[in-house]
Amino acid sequence: DVKVTQSSRYLVKRTGEKVFLECVQDMDHENMFWYRQDPGLGLRLIYFSYDVKMKEKGDIPEGYSVSREKKERFSLILESASTNQTSMYLCASSRGQGRETQYFGPGTRLLVL
Amino acid sequence: GENVEQHPSTLSVQEGDSAVIKCTYSDSASNYFPWYKQELGKRPQLIIDIRSNVGEKKDQRIAVTLNKTAKHFSLHITETQPEDSAVYFCAASPGGFKTIFGAGTRLFVKA
C-alpha cells in the first residue's frame, strides 16, 4: 500500500518567514509533485521532480522552490512567506512516465499571518 | 495553454439518483484521463481512469466515457449513496509528467 506522508497537517507562520514543507513516499516512486489546492481553482502544480536532484517548474512556481536530495523525499520551500500563500498544500508521487496514478499525501494547511 | 474545464462546480442529487460530471480539455495530445475523489478532510484518491484508446470504462456504479474528437470526458455515478458525497476532480495528462486538474465538483447526495 502506497504511503505518502507530509511533515505537518497544520502550520501557522508569519509573513516573511522561511517555510519548509516536507513530503516522504515509501514506494520508490520516481516522480513527486507539489500542488496547492484553493477553493474553485482545483489542484495547481507548483513544482515536480522526476528524479533525484531534478526539478521542473509547474504552473505557479513563483515564490516557491523545491529540493529533492533523496528519492523518497521532496521538500517545498517558501523563501519568504506571504499571506497569498495561505493554502492547502498537497504532495503526490507516481511511478513511470505519465499515464500513472498519483498518490497524494494528507495535505498541509498553511496559514500565513 | 493546457486547460481542463469541469462542470458543474456543485451538484446535489437525491440518494439513488444518477450523477454526471463533465470535463473538457484543450491539449489534443492528452491521452490519460484519471478521476480523483476527495472526501472531506481527506486526500484525493483515484477512483477510475481511462486511456485514449478506450471510449468507455465501467467499475461497479462508476463509469467514465471519453470523446476524443470533441475533447470531453464524463464521470457517471449510478444509484448514488451518501458516501459518494465528496469533491471529484477530473484530470488530463498529455504525456510526460504533467497532469492538469479540473477545478472540482462538489457532490452532495441527500438521504
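Order-wise, the sequence lines are chains G and L.
Residues in the first sequence are numbered consecutively from 57, following this note's numbering.
Residues in the second sequence are numbered consecutively from 571, following this note's numbering.
The beta carbon of each residue, even a glycine, is placed where N, CA and C say it ideally should be.
| Query | Result |
| --- | --- |
| Option nearest residue 139 of chain G by Cα separation, candidates G:75, G:98, G:86, G:62 | G:75 |
| Closer than 7 Å at the beta carbon, the chain L residues around residue 158 of chain G | 669 |
| Residue(s) in a DSSP beta bridge with residue 608 of chain L | L:657 |
| Between the CA atoms of residue 640 of chain L and residue 160 of chain G - distance to the nearest angstrom | 30 Å |
| Positions along the stretch 610-638 of chain L whose CB lies within less than 8 Å of some CB in chain G | 612, 613, 614, 615, 616, 619, 621 |
| Cutoff 9 Å: residue 122 of chain G Cβ touching any chain L Cβ | no |
| Under 9 Å from the C-beta of residue 659 of chain L: neighbouring residues of chain G | 98, 99 |
| Exposed unless 16 or more other CB atoms sit within 10 angstroms - verdict on residue 681 of chain L | exposed |
| Test: residue 595 of chain L CB closer than 9 Å to a CB of chain G | no |
| Bridge partners - residue 107 of chain G, DSSP secondary structure assignment | G:110 |
| Min CB distance residue 663 of chain L to chain G below 9 Å | yes |
| Neighbour flag for residue 589 of chain L against chain G, beta carbons, 9 Å | no |
| Nearest neighbour of residue 622 of chain L, chosen from L:672, L:609, L:600 [CA to CA] | L:600 |
| Per-residue DSSP class, three states only, for residue 153 of chain G | coil |
| Pair within 9 Å by beta-carbon distance, residue 86 of chain G and residue 151 of chain G | yes |
| Beta carbon proximity, residue 672 of chain L to chain G, threshold 9 Å | yes |
| Top-ranked residue by Cα proximity to residue 107 of chain G, from G:125, G:156, G:73, G:146 | G:125 |
| Neighbouring residues, chain L, relative to residue 161 of chain G (Cβ below 7 Å) | 613 |
| For residue 137 of chain G and residue 213 of chain G, the rounded distance between their alpha carbons | A question about residue 213 of chain G goes unanswered here, because the residues of chain G that appear run from 57 up to 169. |
| C-beta neighbour in chain L for residue 60 of chain G, strict 9 Å | yes |
| Residues near residue 605 of chain L in its chain [Cβ-Cβ closer than 6 Å; skip 5 each side] | 617, 618, 645, 660 |
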